[in-house]
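Visitor:
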């Protein structure tokens with residue numbers, strides 16, 4: 095476009111979109127939201143775009159005729175979830191996991207999934223001979239620093255730390271799968287509200303405690319059952335879970 099200003103129209107909040115486009119050299123002119131003078135138009139609602147007037151050189155963030163059922167993330171999520179009822183197809187078998195965080199039930203499902211993923215990652219790292227994440231200097235800024243000059247003592251402290259993390263990860267993975275199995279089989283003891291909380295995450299990633307200003311004395315996430323005490327670490331069981 096040479097020296098011509100590239101015009102954007104951003105409808106709704108979308109602060110990050112506006113900030114990103116501004117960095118790319120786009121400007122807002124203060125024109126009405128329904129004006130057709132723009133290079134990029136970003137809206138919340140599909141109906142905010144007049145597709146009949148969109149030119150080949152203009153970019154919009156919705157597909158024509160897709161409506162909210164597929165053109166919006168919430169609508170697409172709802173329809174993909176419904177596949178298991180209409181066609182017996184599990185969306186998780188072919189599409190990245192999605193959660194509608196405005197739904198309290200799905201929010202807790204996301205919390206459980208997030209913590210389970212962190213825990214299972216530690217089991218995978220262990221099976222590959224890698225250090226737990228909280229002791230990996232390329233990942234964690236809070237690597238354990240032994241203040242003594244005793245190399246053996248430092249090594250022992252590191253091993254003790256790793257065992258504690260792996261024990262916590264093993265407990266999280268087992269409880270997650272146990273609850274998921276009970277719910278899927280409609281067995282007694284399955285908890286719809288989830289079984290994991292931020293407390294579990296902090297045991298898997300103790301290096302992040304300071305970042306979250308976390309206090310074990312303060313409950314920080316809903317949980318329908320208290321977390322069980324971590325069992326003794328078992329490398330094979332954790333790696334296979």
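Residue numbers (our numbering): 95 to 335. Ideal placement from N, C-alpha and C gives every residue a C-beta, glycine not left out.
Distance check for residue 187 and residue 106, CA to CA, integer angstroms please.
Guide: Within the chain shown, residue 106 is the residue found at index 12, counting from 1. Within the chain shown, residue 187 is the residue found at index 93, counting from 1. Near 34 Å, if we compare the C-alpha coordinates of residue 187 and residue 106.
Visitor: What are the partner residues of residue 135, as DSSP defines its beta bridges?
Guide: For the purposes of this step, residue 135 is taken as the residue at position 41 of the chain shown. Answer by DSSP bridge pairing, in chain order: 103, 154.
Visitor: Let me confirm a value: residue 210 is counted as buried when at least 16 other C-beta atoms fall within 10 Å, else exposed. Which label applies?
Guide: If you number the chain shown from 1, residue 210 lands on position 116. With 16 or more other Cβ atoms within 10 Å, it is buried.
Visitor: If the criterion is Cβ atoms closer than 9 Å, does the pair residue 298 and residue 251 meet it?
Guide: The count along the chain shown starts at 1 and reaches residue 298 at position 204. The count along the chain shown starts at 1 and reaches residue 251 at position 157. In this structure, residue 251 does not lie closer than 9 Å to residue 298 by Cβ.
Visitor: Assign residue 280 to buried or exposed, taking buried as 16 or more other Cβ atoms, counted over all protein chains shown, within 10 Å of its Cβ.
Guide: Mapped onto the chain shown, residue 280 falls at position 186. Classification of residue 280: exposed, given that the 10 Å Cβ count is below 16.
Visitor: Cα separation between residue 339 and residue 135?
Guide: Lying before the first or after the last residue shown, residue 339 is absent from the chain, which here runs from 95 to 335.
Visitor: Can you give the beta carbon distance from residue 213 to residue 162, rounded, assuming they're within the 8 Å contact cut?
Guide: In the chain shown, residue 213 corresponds to position 119, counting from 1. In the chain shown, residue 162 corresponds to position 68, counting from 1. Not really, about 36 Å apart at Cβ, beyond 8 Å.
Visitor: Do residue 202 and residue 124 have their C-beta atoms within less than 9 Å of each other?
Guide: For the purposes of this step, residue 202 is taken as the residue at position 108 of the chain shown. For the purposes of this step, residue 124 is taken as the residue at position 30 of the chain shown. Contact: no.
Visitor: Rounded to whole angstroms, what's the CA-CA distance from residue 258 to residue 204? Just pull it up for me.
Guide: Reading the chain shown from its first residue, position 164 is the one you call residue 258. Reading the chain shown from its first residue, position 110 is the one you call residue 204. C-alpha separation (whole angstroms): 25 Å.
Visitor: What's the C-alpha gap between residue 153 and residue 194?
Guide: To locate residue 153, count along the chain shown from 1; it is residue 59. To locate residue 194, count along the chain shown from 1; it is residue 100. When rounded, the distance between both Cα atoms is 27 Å.
Visitor: At the level of alpha carbons, what is the spacing between residue 305 and residue 229?
Guide: Here residue 305 refers to the residue found at position 211 of the chain shown. Here residue 229 refers to the residue found at position 135 of the chain shown. Their Cα atoms are separated by approximately 16 Å.
Visitor: Would you mind stating whether residue 170 and residue 177 have Cβ atoms separated by less than 9 Å?
Guide: To locate residue 170, count along the chain shown from 1; it is residue 76. To locate residue 177, count along the chain shown from 1; it is residue 83. Going by C-beta atoms, residue 170 is not nearer than 9 Å to residue 177.
Visitor: Thinking just about the alpha-carbon of each residue, which of 117, 108, 110 is nearest to the one in residue 100?
Guide: For the purposes of this step, residue 100 is taken as residue 6 along the chain shown, with counting starting at 1. Taking residue 100 as reference, the option from 117, 108, 110 with the minimal CA-CA separation is 117.
Visitor: Counting along the chain, where does the alpha helix (DSSP H) carrying residue 146 start and finish?
Guide: The count along the chain shown starts at 1 and reaches residue 146 at position 52. Taken as a continuous stretch (DSSP letters only), residue 146 belongs to no alpha helix (DSSP H), as it is neither H nor E.
Visitor: To which residues of the same chain is residue 108 closer than 8 Å at the C-beta, ignoring the five residues directly before and after it?
Guide: Reading the chain shown from its first residue, position 14 is the one you call residue 108. 136, 138.
Visitor: Give, in chain order, every unbroken run of the alpha helix (DSSP H) that is at least 4 residues long and sits entirely within the stretch 177-209.
Guide: 177-180
Visitor: Would residue 292 and residue 285 be called neighbours here (beta carbons separated by less than 9 Å)?
Guide: For the purposes of this step, residue 292 is taken as the residue at position 198 of the chain shown. For the purposes of this step, residue 285 is taken as the residue at position 191 of the chain shown. Taking a C-beta distance under 9 Å as the contact criterion, residue 292 and residue 285 do not qualify as a contact pair.
Visitor: Looking only at DSSP bridge pairs, what is residue 121 linked to?
Guide: Counted from its first residue, the chain shown places residue 121 at position 27. Partner(s): 101.
Visitor: When you compare each of 207, 182, 245 to residue 190 by their alpha carbons, which one comes out closest?
Guide: Within the chain shown, the letter at position 96 stands for residue 190. Among 207, 182, 245, the Cα nearest to that of residue 190 is on 207.
Visitor: Can you have a look at residue 102 and say buried or exposed, based on whether 16 or more other CB atoms are within 10 angstroms of its CB?
Guide: In the chain shown, the residue the question calls residue 102 occupies position 8. Result: buried.
Visitor: Suppose you measure from the CA of residue 182 to the CA of residue 173; what does that come to, to the nearest Å?
Guide: Residue mapping note: residue 182 aligns to position 88 of the chain shown, counting from 1. Residue mapping note: residue 173 aligns to position 79 of the chain shown, counting from 1. Looking at the backbone, the Cα of residue 182 and that of residue 173 are separated by about 13 Å.
Visitor: With a threshold of 16 other CB atoms inside 10 Å of the CB of residue 110, please say whether the residue is buried or exposed.
Guide: Walking along the chain shown from the start, residue 110 turns up at place 16. Result: exposed.
Visitor: Quick one, which of 175, 113, 222, 166 has its alpha-carbon nearest residue 200's?
Guide: Start at 1 with the first residue of the chain shown, and residue 200 comes out as number 106. Among 175, 113, 222, 166, the Cα nearest to that of residue 200 belongs to 175.
Visitor: Starting from residue 272, trace the alpha helix (DSSP H) both ways and give me its first and last residue.
Guide: Working through the chain shown from its first residue, we reach residue 272 at position 178. Its alpha helix (DSSP H) spans residues 245-278.
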